[in-house]
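For reference, the structure discussed in these notes is given below.
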Ligand SMILES: Cc1cc2nc3c(=O)[nH]c(=O)nc-3n(C[C@H](O)[C@H](O)[C@H](O)COP(=O)(O)OP(=O)(O)OC[C@H]3O[C@@H](n4cnc5c(N)ncnc54)[C@H](O)[C@@H]3O)c2cc1C
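Residue numbers (the working numbering): 213 to 568.
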C-alpha cells in the first residue's frame, strides 16, 4: 500500500493547488485523478480576477501569464434579442482571463508535480475508509488526511456521508470548443432566454468556447436550442454535465475534508467556480499544515471549516442571488426587462463579482 501524508482525490484547480502548497511545505502528497491529463472539462473557461492575488502570492504569476489565453475587456448581457447591459473591465491586463480548461488544469497539475507532489493519472477512486484508506483502480493508498477535490459528483463526499440527500436538478450544462469566428471580439457574452442561458468568449487567438445551462423541463431536445442559437455548431461534440445546483456538503469529518465543487457548487453564470476551488484548496492546505505540525491533522478541520464558511459568506452572496433568480429563467427574463432602464443595480452586482 502506498503511504502519504495527504491523499488528494481530483486534480482540478482545488486539488492541484492544495497539492502544490502541501508539497512545497515538504509533505508527502499523492494527487489522484481518474482522467489522463490534459483532460476536457465542461466550463466557460473564464478565470475571475480575484485569482491574480493567488498567482502573485505563490510566485506563479509569470508562468500563468505565459499560458495561451484571451484577456477579456468587458461583458455584455443580452436578454432574448436585446442587449440590456454592457460593462468595460477597468484593467483588462489584470481582469478576467479566458484559458482552455485542459490547458489551465494541466498547467496547475504540472506545477504541483514540480513542487514534489506525486501525480497518479487514470486512477479512479472507488471507495473511502475514514481511517485514511483510499481504494482505487490502482490499489490502496493510505494517508493521514484525505482531501476530496473530485468535483460536484464527489465520490469522497458520498462515501464519507458528507453529501446531503440528492434533490432532482432539472438543469443540465452543455459545452463545446469551436474555432473562433474572426468577428468575435474580446468580451464575455452572456445571453438569457426562457429555457436557460448561454455564455461564449474567445479563450485563445484561434478558439472560443460556448457553454449553456438548459432547463430540461422546458425543452425535451436541447439540440433544438443549440440549432436555434448556434446552427453552425449543432453537429459538434457537445460535452454534458449535471447537476448544476446541489445543496452544500459538510466540509469534512475527521480525516476526510472536501474542497472546491465537492464541498459546494456555485452557479456557473458568474464565472467564479474556479476561484472558489482555488481559494478552498489554499485554505485546506494551510489548515492541514497546522494539523500535521501538531501530529494531529484531523484537529485542524475546525479551522478549515470556519475559513471555508467565511469565504462563501463574504463572497458568494451575489452568486446565490443570481442562482435563485436563474432557477426560473423566465422570471429572470421578466425581471431584467424591467431593470433595462436601471443598469446601476446590474453594474453593482457585476463589480462585486469582478472585484479582486
Ligand atoms: C457550464 C459551466 C460553466 C462554468 N464556467 C465557469 C467559468 O467560466 N469560470 C469559473 O470560474 N467556473 C466555471 N464553472 C465552474 C467550474 O468549472 C468549477 O467550479 C471548477 O472546475 C471546480 O473545480 P474543482 O477542482 O472543485 O473540481 P473539478 O474541476 O471538477 O475537478 C475534479 C477532478 O476530480 C476528478 N475525479 C472525479 N471523480 C473521481 C474519481 N472517482 N476518482 C478520481 N478522480 C476523480 C475529475 O476527473 C476531475 O479532474 C462552470 C461550470 C459549469 C457547469
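C-beta: ideal position from N, C-alpha, C; glycine also.
Just verifying my parser: in three-state terms, what is the DSSP assignment at residue i?
| i | result |
| --- | --- |
| residue 334 | coil |
| residue 427 | strand |
| residue 233 | helix |
| residue 375 | coil |
| residue 550 | helix |
| residue 313 | helix |
| residue 473 | helix |
| residue 300 | strand |
| residue 545 | helix |
| residue 612 | The question about residue 612 has no answer, for the chain in this structure spans 213 to 568. |
| residue 382 | coil |
| residue 478 | coil |
| residue 228 | helix |
| residue 352 | strand |
| residue 562 | helix |
| residue 556 | helix |
Counting along the chain, where does the alpha helix (DSSP H) carrying residue i start and finish?
| i | result |
| --- | --- |
| residue 436 | 434 to 441 |
| residue 486 | 485 to 505 |
| residue 400 | Note, residue 400: premise wrong, no alpha helix (DSSP H); beta strand (DSSP E) at 399 to 405. |
| residue 514 | 513 to 527 |
| residue 417 | That residue, residue 417, is in no alpha helix (DSSP H); it is neither H nor E in DSSP. |
Starting from residue i, trace the beta strand (DSSP E) in both directions and tell me its first and last residue.
| i | result |
| --- | --- |
| residue 414 | 408 to 414 |
| residue 273 | Taken as a continuous stretch (DSSP letters only), residue 273 belongs to no beta strand (DSSP E), being part of the alpha helix (DSSP H) at 273 to 277. |
| residue 539 | No beta strand (DSSP E) holds residue 539; DSSP gives it neither H nor E. |
| residue 462 | Premise fails: residue 462 is in no beta strand (DSSP E) and is neither H nor E. |
| residue 216 | 214 to 221 |
| residue 348 | 345 to 348 |
| residue 392 | Segment: none, residue 392 is in no beta strand (DSSP E) and carries neither H nor E. |
Have a look at residue i and residue j and give me their C-alpha separation to the nearest angstrom.
| i | j | result |
| --- | --- | --- |
| residue 401 | residue 443 | 17 Å |
| residue 334 | residue 408 | 34 Å |
| residue 234 | residue 547 | 46 Å |
| residue 278 | residue 215 | 35 Å |
| residue 255 | residue 487 | 13 Å |
| residue 536 | residue 373 | 26 Å |
| residue 515 | residue 295 | 45 Å |
| residue 557 | residue 406 | 22 Å |
| residue 462 | residue 393 | 44 Å |
| residue 330 | residue 410 | 37 Å |
| residue 470 | residue 538 | 26 Å |
| residue 531 | residue 440 | 28 Å |
| residue 223 | residue 292 | 37 Å |
| residue 336 | residue 550 | 49 Å |
| residue 559 | residue 366 | 35 Å |
| residue 311 | residue 327 | 22 Å |
| residue 247 | residue 369 | 19 Å |
| residue 483 | residue 566 | 9 Å |
| residue 480 | residue 456 | 8 Å |
| residue 529 | residue 458 | 16 Å |
| residue 501 | residue 534 | 35 Å |
| residue 521 | residue 527 | 10 Å |
| residue 416 | residue 398 | 10 Å |
| residue 297 | residue 289 | 5 Å |
| residue 510 | residue 371 | 18 Å |
| residue 525 | residue 518 | 10 Å |
| residue 361 | residue 435 | 31 Å |
| residue 343 | residue 324 | 26 Å |
| residue 357 | residue 272 | 26 Å |
| residue 508 | residue 238 | 17 Å |
| residue 182 | residue 447 | The requested residue 182 does not occur in the structure, where the chain is confined to residues 213 to 568. |
| residue 236 | residue 464 | 23 Å |
Do residue i and residue j have their C-beta atoms within less than 7 Å of each other?
| i | j | result |
| --- | --- | --- |
| residue 477 | residue 364 | yes |
| residue 286 | residue 276 | no |
| residue 503 | residue 489 | no |
| residue 466 | residue 226 | no |
| residue 332 | residue 390 | no |
| residue 218 | residue 355 | yes |
| residue 341 | residue 213 | no |
| residue 451 | residue 420 | no |
| residue 523 | residue 491 | yes |
| residue 196 | residue 308 | Residue 196 lies beyond the residue range present for the chain, which begins at 213 and ends at 568; the question has no answer from this structure. |
| residue 404 | residue 540 | no |
| residue 414 | residue 299 | no |
Three CB pairs or more closer than 8 Å across the stretch 380 to 390 and the stretch 416 to 427: Yes, they touch.
Three or more beta-carbon pairs under 8 Å between the stretch 308 to 320 and the stretch 343 to 358, yes or no? Taking a cut-off of 8 Å on C-beta distances, the stretch 308 to 320 does not touch the stretch 343 to 358, as fewer than three cross pairs fall below it.
Inter-stretch contact at 8 Å, needing at least 3 Cβ pairs: the stretch 376 to 383 / the stretch 249 to 260: No, they do not touch.
For the stretch 264 to 281 and the stretch 238 to 256, state whether three or more C-beta atom pairs, one from each stretch, are separated by less than 8 Å. The count of Cβ pairs closer than 8 Å, one atom from the stretch 264 to 281 and one from the stretch 238 to 256, stays below three, leaving the stretches out of contact.
Measuring CB atoms only, is the stretch 214 to 230 touching the stretch 487 to 504, in the sense that at least three cross pairs come out at less than 8 Å? Contact between the stretch 214 to 230 and the stretch 487 to 504 is present, because at least three Cβ pairs lie under 8 Å.
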